[in-house]
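According to the UniProt record's numbering, the sequence shown is numbered sequentially starting from 1.
Data first, discussion second: the structure below is written as C-alpha cells.
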Amino acid sequence: MSLPADGSREHAGAARAVAEDAPVFVISVAAELAGMHAQTLRQYDRLGLVSPGRTRGGGRRYSPRDVALLREVQRLSQEDGVNLAGIKRIIDLESQVGALQQRVQELLTELELAESRAIAAESAVRAGYGRDLVPLRPATSALVVWRPRDDR
1 MSLPADGSRE HAGAARAVAE DAPVFVISVA AELAGMHAQT LRQYDRLGLV SPGRTRGGGR
61 RYSPRDVALL REVQRLSQED GVNLAGIKRI IDLESQVGAL QQRVQELLTE LELAESRAIA
121 AESAVRAGYG RDLVPLRPAT SALVVWRPRD DR
C-alpha cells in the first residue's frame, strides 16, 4: 500500500491519534479536514451548528468529532438538500436521542443491580428461616356471592 503524495494519510492518522472530543485543530486545519472554507466554519459556529472549543484568547479549536459533524452538515446540505435550520434541528434531535439512549443504559444497569440485590436479600432471608416458613396456597380467583337468608 502506497501513501498519497499530498500527506492526507498523515492528517487522517493524526485525527485518529487524539481523543474524539479533544479540541486540537485550529480553524484552518479543521476546514481542510472537512473540505470547507474557514469562513464557512465561522458561520456554522455563529449559527450554533458546530460549537468548537475555545482557547484563552478566544481562538477556535476543533475536535475530530467536530470535523465529523462538519462533514455531516456538508453532506446534509449538498446531497440531501436540507437547509441550515433543518440541519440544526436534526443535530439537536440526534443529540437528544443520544442522551436518552445513554440514560436508558444507565437505568438498565441500575435495574440489573437492584434485581441482583433483591435476589441476594431474598436468599439471605430464606437461609435464615430454614424450614420455619411454609408456602401458602395461592389465592383463588373464584367469586363467591353471599346473600343473607330471609327468615320470615
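All C-beta atoms in this analysis are idealised placements derived from N, C-alpha and C, irrespective of residue type, glycine included.
heavy atom of the ligand SAM below 7 angstroms from residue i C-beta
| i | result |
| --- | --- |
| G53 | You won't find the ligand SAM in this model; it holds no ligand whatsoever. |
CA-to-CA distance, residue j to residue i, given in whole angstroms
| i | j | result |
| --- | --- | --- |
| A118 | R75 | 50 angstroms |
| I90 | L100 | 15 angstroms |
| A31 | A120 | 56 angstroms |
| A38 | S28 | 6 angstroms |
| G7 | E110 | For G7, the predicted structure reports a pLDDT of 45, less than 50, and the residue's modelled location is therefore unreliable. A value from the coordinates is still provided. G7 and E110: Cα-Cα distance of roughly 48 angstroms. |
| D21 | E112 | 30 angstroms |
| P23 | P52 | 7 angstroms |
| R56 | T40 | 22 angstroms |
| A127 | S141 | 31 angstroms |
| R95 | K88 | The residue asked about is misnamed: residue 95 is Ser in this sequence, not Arg. Distance between the alpha carbons of S95 and K88 is about 11 angstroms. |
| A124 | V144 | 39 angstroms |
| R147 | E122 | 43 angstroms |
With 16 other Cβ atoms within 10 Å as the buried cut-off, status of residue i
| i | result |
| --- | --- |
| P4 | Note that P4 scores a pLDDT of 44, beneath 50, so its modelled location is shaky; the value from the coordinates is reported in the next line. Label assigned to P4: exposed. |
| L66 | A quick correction: the sequence has Asp, not Leu, at residue 66. Per the 10 Å Cβ criterion, buried. |
| Y44 | buried |
| P138 | exposed |
| A34 | buried |
| V50 | buried |
| L69 | buried |
| E10 | For E10, the predicted model reports a pLDDT of 49, less than 50, meaning its position is unreliable; a value from the coordinates is still stated below. So E10 ends up on the exposed side. |
Examine the Cβ distances between the segment 98-118 and the segment 63-80 and report whether three or more of them are shorter than 8 angstroms.
They do not touch, by the three-pair rule.
Segment contact flag, the segment 82-93 with the segment 53-62, C-beta cutoff 8 angstroms, min 3 pairs
no
Sequence ranges, alpha helix (DSSP H) only - wholly within the segment 19-86, length at least 4:
27-34, 38-47 and 64-78
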